[in-house]
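K.L.:
Quick one: the structure is below, and I'll ask about it shortly.
Numbering (the numbering used here), first residue to last: 15 to 609.
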């Protein structure tokens with residue numbers, strides 16, 4: 015029996031949120047999160063352990079995300095780093111945490127469309143080779159097979175292009191997500207998408223605006239209440255969760271109000287946070303971030319030899335494009351419209367599903383002419399102003415059109431040289447010669463036991479280099495006079511595992527973590543328990559009833575009720591049982607008067 019072909023599936027694995035999409039009925043569609051109340055396709059990229067030590071992913075993980083050792087946010091920002099992330103008693107690599115997010119997304123799609131393994135994954139255009147490979151490894155650990163990696167702005171352009179096949183325009187894709195900024199310039203004509211070039215910053219995104227807003231809030235609070243006031247860990251966690259909503263409100267309104275009870279403690283007395291922050295204050299606190307984004311934009315125009323006037327449409331992608339200051343910056347540079355024709359939250363995932371369909375020959379309406387964002391080269395010994403030095407020699411420039419190929423001739427250093435090592439580097443600087451401005455890809459190979467050259471000249475070496483449309487890089491170095499050669503391959507769709515046993519251990523850790531997932535029946539959605547038991551501040555039955563009653567009261571009466579509730583909680587935290595009882599009696603008396 016022939017196995018039925020799976021639906022084309024694509025995934026946008028984002029810093030703050032992730033989305034999985036399917037291509038069916040001739041169009042891409044985002045897949046809803048079947049486990050969430052809202053059924054939104056946008057799944058927060060958060061992994062955490064709940065109060066029962068069960069794994070939660072997505073929306074339900076928010077409440078535990080900022081507790082030390084209990085939750086992980088923004089793991090994509092460290093996908094290029096060799097670090098370990100603590101979660102309970104274990105430590106995990108970034109790709110292991112990412113694999114759990116991918117498992118969650120795959121579970122949502124499988125529940126609606128059946129089991130699958132093949133996917134197209136998006137990555138930031140400016141991800142290094144290490145980041146790409148770690149992303150592929152995350153997919154492998156999640157039981158998925160990556161058939162293609164596509165850059166995020168290119169995916170967004172596909173999502174736009176499929177509905178604008180007759181477009182003849184030069185489009186700038188401004189993809190500003192939770193953790194990264196990617197800018198691509200794309201020529202569109204008669205269904206052909208020609209990527210002119212890409213630039214960006216893998217450490218600039220909406221989370222930086224969140225941090226700036228958190229810092230602004232704390233600075234204002236301390237200015238009002240005194241520098242010596244202590245912000246409790248619980249309050250800081252609540253603020254980080256609150257701030258995302260405040261940022262969204264500041265995109266729609268000129269100010270936002272932040273209220274958090276028992277936000278600080280000074281001399282044993284709790285202080286509430288009750289503050290208004292204006293859009294103007296937010297803009298001042300984040301102006302340096304907008305300027306960094308503008309610098310990336312200027313660089314993207316420069317490397318593609320484009321002027322601002324030549325851009326006919328700016329395609330907005332990612333949640334950070336909603337920020338008014340970002341839009342104002344773009345409007346000050348471009349005379350064309352800012353387009354949100356494709357939902358900025360879904361655009362990348364829809365594009366990955368389109369690419370998956372193209373690879374299955376289910377969609378041939380668009381032709382993609384892609385670029386490889388990094389320049390690739392090798393290290394050689396060259397004569398410089400400081401004498402002989404090891405320098406970077408390019409085989410391809412950044413943003414070379416793929417497929418690409420070149421042959422270059424080198425020579426060994428001396429006639430008696432018996433060993434040749436070739437190491438591969440990458441860079442986004444088209445003019446660099448310094449190895450210090452490049453990134454080692456981790457790929458190298460050697461030729462040993464080279465016979466001594468005769469005739470007085472060192473052996474010549476021919477290097478054949480190519481990049482195909484799937485960004486597979488091949489390098490072959492041949493010493494024709496001896497018949498010796500070496501082959502190197504960089505394939506972002508394949509794993510480079512030095513130790514298979516290490517992969518087995520990593521897989522076992524992920525499987526063990528996933529097996530502890532909290533089901534909807536297991537997880538008490540109203541139960542908020544923190545790592546430090548001294549910080550647990552749950553409502554008693556009396557307080558719960560008081561809160562319900564307060565919802566039906568006028569503002570003044572609500573404030574009276576909530577103030578006493580907060581005094582009860584404060585007394586409970588400080589262990590002042592007599593004062594707690596006194597405050598509870600006050601609450602009962604007030605409720606009797608108000609009813």
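Quick reminder that beta carbons are idealized off the backbone N, C-alpha and C, glycines included.
Here's a check: name, in chain order, each residue in its chain whose Cβ is nearer than 8 Å to the Cβ of residue 464, leaving out the five neighbours to either side.
P.N.:
Correct list, in chain order: 426, 431, 432, 433, 434, 473, 493, 496 and 498.
K.L.:
What residues in its chain sit with their C-beta under 6 Å from that of residue 48, if we drop five residues either side in the sequence?
P.N.:
Closer than 6 Å at Cβ, skipping near neighbours: 122 and 125.
K.L.:
When the distance is taken between beta carbons, is residue 216 closer than 8 Å to residue 155?
P.N.:
Not in contact: residue 155 and residue 216 (Cβ atoms no closer than 8 Å).
K.L.:
Taking 8 Å as the cut-off, decide whether the C-beta atoms of residue 195 and residue 310 are in contact.
P.N.:
Result yes, Cβ atoms of residue 195 and residue 310 sit closer than 8 Å.
K.L.:
CA-CA distance, residue 221 and residue 259?
P.N.:
Each residue's Cα considered, the two are about 12 Å apart.
K.L.:
I'd like to know whether the C-beta atoms of residue 171 and residue 230 end up nearer to each other than 8 Å.
P.N.:
No; because the gap between Cβ atoms is not below 8 Å, this pair is not in contact.
K.L.:
Okay, do the stretch 270-278 and the stretch 350-362 touch, 3+ Cβ pairs below 8 Å being the bar?
P.N.:
No: fewer than three Cβ pairs fall under 8 Å.
K.L.:
Under the assumption that residue 57 contacts residue 118 (Cβ atoms under 8 Å), give the Cβ distance between them as a whole number of angstroms.
P.N.:
Sure, about 6 Å apart at Cβ, within 8 Å.
K.L.:
Touching or not, the stretch 182-196 and the stretch 130-140, by the rule of three or more beta carbon pairs under 8 Å?
P.N.:
Yes: at least three Cβ pairs fall under 8 Å.
K.L.:
My guess is that residue 173 and residue 364 are in contact by the Cβ rule of under 8 Å, so how many angstroms apart are they, rounded?
P.N.:
Indeed, because the Cβ distance is near 4 Å, the residues count as touching under 8 Å.
K.L.:
Reducing DSSP to helix, strand and coil, say where residue 158 ends up.
P.N.:
Here residue 158 sits in coil by DSSP.
K.L.:
Do you know whose CA, among 168, 294, 300 and 280, lies nearest residue 219's CA?
P.N.:
The candidate whose alpha carbon is nearest that of residue 219 is 300.
K.L.:
Could you check what DSSP says for residue 313 in three-state terms: helix, strand or coil?
P.N.:
The answer is helix: DSSP assigns residue 313 an H, G or I state.
K.L.:
Between the Cα of residue 518 and the Cα atoms of 356, 307 and 157, which residue gives the shortest distance?
P.N.:
Checked all of 356, 307 and 157; the closest Cα to residue 518 is 157.
K.L.:
Under the rule that 16 or more other beta-carbon atoms within 10 Å means buried, what is residue 53, buried or exposed?
P.N.:
The residue is exposed, with fewer than 16 neighbouring Cβ atoms inside 10 Å.
K.L.:
Note down the Cα distance separating residue 604 from residue 593, rounded to an integer number of angstroms.
P.N.:
Straight-line Cα distance between these residues: approximately 16 Å.
K.L.:
Comparing the C-beta of residue 279 with each C-beta of chain C, is any distance below 8 Å?
P.N.:
Of the protein chains in the structure, only one exists, and it is not chain C.
K.L.:
Would you kindly work out how many angstroms separate the C-alpha atoms of residue 101 and residue 385, rounded to a whole number?
P.N.:
Between residue 101 and residue 385, the C-alpha separation is close to 38 Å.
K.L.:
Please state whether the Cβ-Cβ distance between residue 560 and residue 601 is less than 8 Å.
P.N.:
Yes, the pair counts as a contact, with Cβ atoms nearer than the cut-off.
K.L.:
When you compare the stretch 261-273 with the stretch 301-308, are there three or more beta-carbon pairs, one atom per stretch, that lie closer than 8 Å?
P.N.:
Flag = no, the stretch 261-273 and the stretch 301-308 do not touch.
K.L.:
Taking the beta carbon of residue 93 as the centre, do at least 16 other beta carbons fall within 10 Å, making it buried, or is it exposed?
P.N.:
Buried, because 16 or more other Cβ atoms sit within 10 Å of the Cβ of residue 93.
K.L.:
Which residue from 392, 75, 256 and 38 puts its Cα closest to that of residue 50?
P.N.:
Checking every option, the nearest Cα to that of residue 50 belongs to 75.
K.L.:
Give me the residue from 488, 34, 469 and 96 with the minimum Cα distance to residue 437.
P.N.:
Of the listed residues, the one whose Cα sits closest to residue 437 is 488.
K.L.:
So, at 8 Å on beta carbons, what are the nonlocal neighbours of residue 317 in its own chain, with the 5 sequence-adjacent residues on each side left out?
P.N.:
Correct list, in chain order: 211, 213, 412, 413 and 444.
K.L.:
Please classify residue 428 as buried or exposed, where buried requires at least 16 neighbouring CB atoms within 10 angstroms.
P.N.:
Per the 10 Å Cβ criterion, exposed.
K.L.:
Could you name the residues of the same chain whose beta carbon sits closer than 8 Å to that of residue 83, not counting the 5 residues immediately before and after it, in chain order?
P.N.:
100, 101, 102 and 545.
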